[in-house]
Structure formats: structure tokens, C-alpha cells
Amino acid sequence: MENPHSFRYNMLTGNGCPKTALSIRDALEALEGRWKLLILFALSSGPKRFKQLAAEVTGITDKTLSKELKALEMNQLINRKVFDTFPPTVEYSITEHGASLEKVLEELHYWGLAHRAKIIG
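Here this note's numbering is used: the first residue of the sequence shown is 11, the next is one more, and so on.
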């Protein structure tokens, strides 16, 4: 099977195809919302417990964090490990699949810097 990254073209000005739109839709569904990429970024420095994540992802509510963690786990972007302690200790870590988003986060970071400079000045 051909490597999907071996052939690059300009997606915004090139001739996009329905498969491209479908793969972009799949990616957006897995990463939709305001918080998922920020949670993955927080986990990129190592495993964290719920309250550590809540502190690092500024502005997220516990309810939203819980919902987003479940969605990230369902999409195999993070692991949830429960330790046999009292009370139970739960630790979250990024999976290899989640870590594969590193280039996406890096490009989004640089785009965000350029966007901020263009809009704010």
C-alpha cells in the first residue's frame, strides 16, 4: 500500500478529492472542540492525574475534562490506567497514536503565532 504521506499537494488550491474531505472530517471528529488538543499537549510531557490535567488546561471544567478524556480514550489517543489504591488513582497518558499528532500540534502552534501577529499586530 502506498504511503499516504509520500505524495503531497496543496490541499487548499489543488484539486481535492472526496477521500481527502473524508479523512479531514475523520480527523476533525476525533479532535473536535476547544479542549482535546490542549489535553494532548498537557499529556505530551508525561502521564498525569485528573486534577493535574485540570490545573494545566486552564479554564476547563471537571465535567468537560471528564467528557473529553472519555472521547480521547475512545479514539485511542490516550490511555487511562486505574491503580488498585484507596481511593482509586487514575492516570492518563498519551498513546503512540496520540503522539503521532506531534507535527500537527507543531504546525498549529506556528500557524497560531502567525495568525495572532496578523490579527493583533
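Note that the Cβ used here is the ideal one computed from N, Cα and C, for glycine as well.
Inset, instruction - Determine the direct distance from the alpha carbon of residue 74 to that of residue 53, and round the result to whole angstroms. - result: The sequence position of residue 53 within the sequence shown is 43, counting from 1. The sequence position of residue 74 within the sequence shown is 64, counting from 1. The C-alpha of residue 53 lies about 16 Å from the C-alpha of residue 74.
Legend entry - Residue closest to residue 49, alpha-carbon to alpha-carbon, out of 36, 82, 37 and 32: Position 39 of the sequence shown, counting from 1, holds the residue named residue 49. The residue with the shortest Cα to Cα distance from residue 49 is 82.
Inset, instruction - For residue 67, count neighbouring Cβ atoms within 10 angstroms of its own Cβ and tell me buried if that reaches 16, exposed if not. - result: On the sequence shown, position 57 is the one that residue 67 refers to. Taking all protein chains in view, the Cβ of residue 67 is crowded by 16 or more other Cβ atoms within 10 Å, so the residue is classified as buried.
Legend entry - One or two residues paired with residue 93 in a DSSP bridge: The count along the sequence shown starts at 1 and reaches residue 93 at position 83. 99.
Inset, instruction - Taking residue 78 as the reference, give the member of 69, 93, 38 and 43 with the closest Cα. - result: Along the sequence shown, read from residue 1 onward, the residue named residue 78 stands at position 68. Taking only the C-alpha atoms, the option nearest residue 78 is 43.
Inset, instruction - Pick out whichever of 123, 94, 72 and 110 has its Cα sitting closest to the Cα of residue 45. - result: Residue mapping note: residue 45 aligns to position 35 of the sequence shown, counting from 1. Residue 72 is the option with its Cα nearest to residue 45.
Inset, instruction - Would you mind giving the Cβ-Cβ distance between residue 59 and residue 99, rounded to the nearest angstrom? I have them listed as a contact below 8 Å. - result: As a first step, residue 59 is located in the sequence shown; it is residue number 49 there, counting from the start. As a first step, residue 99 is located in the sequence shown; it is residue number 89 there, counting from the start. Contact between residue 59 and residue 99 is confirmed by a C-beta separation of about 7 Å, below the 8 Å threshold.
Legend entry - C-alpha gap between residue 95 and residue 87, whole angstroms: Taking the sequence shown and counting its residues from 1, the one referred to as residue 95 is at position 85. Taking the sequence shown and counting its residues from 1, the one referred to as residue 87 is at position 77. About 25 Å.
Inset, instruction - Answer yes or no: do residue 31 and residue 85 have a C-beta to C-beta separation smaller than 7 Å? - result: Within the sequence shown, residue 31 is the residue found at index 21, counting from 1. Within the sequence shown, residue 85 is the residue found at index 75, counting from 1. Result no, Cβ atoms of residue 31 and residue 85 do not sit closer than 7 Å.
Legend entry - Alpha-carbon to alpha-carbon, residue 93 and residue 114: For the purposes of this step, residue 114 is taken as residue 104 along the sequence shown, with counting starting at 1. For the purposes of this step, residue 93 is taken as residue 83 along the sequence shown, with counting starting at 1. Straight-line Cα distance between these residues: approximately 32 Å.
Legend entry - Cross-strand partners of residue 58 (DSSP beta bridge): Residue 58 sits at position 48 when you count from the first residue of the sequence shown. Answer is 102.
Legend entry - C-alpha distance - residue 104 paired with residue 62, whole-angstrom precision: Working through the sequence shown from its first residue, we reach residue 104 at position 94. Working through the sequence shown from its first residue, we reach residue 62 at position 52. Approximately 14 Å, taken between the alpha carbons.
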